[in-house]
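Quick notes on the structure that follows.
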């Protein structure tokens, strides 16, 4: 399926693959990127965001009124994200949507850890506030702080 808004230059392409996964691509003046969704009958779906590039946050700022209820539960992996000139670390997390809370479980950012072990963050978003925490103690915590 192809969606095009010729006045704004927004284009979205969505295809269903033979393996029942979905692939999408978004192209506009300020946002480009790919997404792949892999349904899982026994668990929550796997969602991969690949090569997301946002050239200007100003062009997408708006009162979106997004709430935790707008997000389904998913395993999320994101790689190669760039906003303006900033490159964000690749990350993965499990997002669990329940009632008006989006729980963030096992958020791991590539390169943020000690030795070869990544720090794993837990948290939640209630639509207004986001809280994240990571547990580390002893030698692991000292090595991380002294990095």
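In the numbering used here, the protein residues as written are 0 to 146. Virtual Cβ for every residue (Gly too), placed ideally from N, Cα, C. All values reported here derive from a predicted model rather than from experimental measurement.
Self-check item: With 16 other Cβ atoms within 10 Å as the buried cut-off, status of residue 106
Solution: buried
Quiz item: By Cβ distance below 6 Å, which residues in the same chain neighbour residue 23 in space, the five residues on each side in sequence not counted?
Solution: 13 and 34
Quiz item: Should residue 2 go down as buried or exposed, given a rule of 16 or more other Cβ atoms within 10 Å for buried?
Solution: exposed
Quiz item: Candidates 45, 53 and 65: which alpha carbon is nearest residue 76's?
Solution: 45
Quiz item: Where does residue 63 land, buried or exposed, given buried means 16+ other C-beta within 10 angstroms?
Solution: exposed
Practice problem: Can you tell me which of the three DSSP states residue 42 falls into? | Solution: coil
Self-check item: Cβ-Cβ separation, residue 121 to residue 103 (assumed contact under 8 Å), whole Å
Solution: 7 Å
Quiz prompt | Cα-Cα separation between residue 32 and residue 94, rounded to whole angstroms | solution = 20 Å
Quiz item: Rounded to whole angstroms, how far is the Cβ of residue 126 from the Cβ of residue 66, which I believe are closer than 8 Å?
Solution: 5 Å
Self-check item: Which listed residue (90, 81 and 61) has its alpha carbon closest to that of residue 30
Solution: 81
Quiz prompt | Whole-number beta carbon distance between residue 55 and residue 83, since they are thought to touch under 8 Å | solution = 7 Å
Quiz prompt | Where residue 66 sits in the DSSP three-state scheme | solution = coil
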